[in-house]
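In this note's numbering, the protein residues as written are 1 to 159. Everything below concerns the one structure shown next.
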């Protein structure tokens, strides 16, 4: 992990924690100047550390006065959470992608370690279905993962 990457990430997290709203506006060029790096380094940090899996959405406006808006995802209703899960998983996912997503969800404390391990076992068994094509297995895995996550996360909200 690059030291500058960590510094940029920490700087953005600090700005988010100080913000009164659930979002902040930044300019790539300004951040690049602060950290003495190229704007593509800022793009890398945003893509890898501030994705929906990490609980953020990025809006971008290009051009001279362009900006980056980083929004913290807050799910106020069960429908918001269903939509968030749908967006994170998508229509197709393979086993390794699913594992990475589950680790991120555990890191965000949306699922426990035990829930993550149970889901991984269920998905691994799906991955072993040899009579289905790889593409079909990935579609099946996405449906199963969404169903499991929605039931686990939404059930915990009802408690």
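Glycine included, every Cβ here is placed at the ideal spot set by N, Cα and C. Remember, it's a predicted structure, so these values are computed and weren't measured experimentally.
- prompt: Could you give the distance in angstroms between the alpha-carbon of residue 136 and the alpha-carbon of residue 123?
  reply: 13 Å
message: Report the CB separation of residue 109 from residue 53 in whole angstroms; it is logged as a contact under 8 Å.
response: Residue 109 to residue 53, Cβ: 14 Å. No contact.
Enclosing alpha helix (DSSP H) for residue 102 [first to last residue]: Secondary structure note for residue 102: its alpha helix (DSSP H) is the uninterrupted segment 95-107.
- prompt: Does the stretch 93-104 come within contact of the stretch 62-82, defined as at least 3 CB pairs closer than 8 Å?
  reply: no
query: residue 151 by DSSP, collapsed to three states: which one?
result: Note: residue 151 maps to helix in three-state DSSP.
query: Which partner residues of residue 10 appear in the DSSP bridge assignment?
result: Residue 10 has no beta-bridge partner at all, per DSSP.
message: Between 154, 25, 6, 17, which has its C-alpha nearest residue 61's C-alpha?
response: 25
task: Out of 130, 40, 57, point me to the one whose CA is closest to residue 30's CA.
output: 40
message: Could you pull the DSSP bridge partners for residue 56 from this structure?
response: DSSP output for residue 56 lists 72 as bridge partner(s).
- request: With DSSP collapsed to three states, give me the class of residue 110.
  value: Reduced to three states, the DSSP call for residue 110 is coil.
- request: Answer yes or no: do residue 132 and residue 140 have a C-beta to C-beta separation smaller than 8 Å?
  value: yes
field: residue 80, DSSP secondary structure in three states
entry: helix
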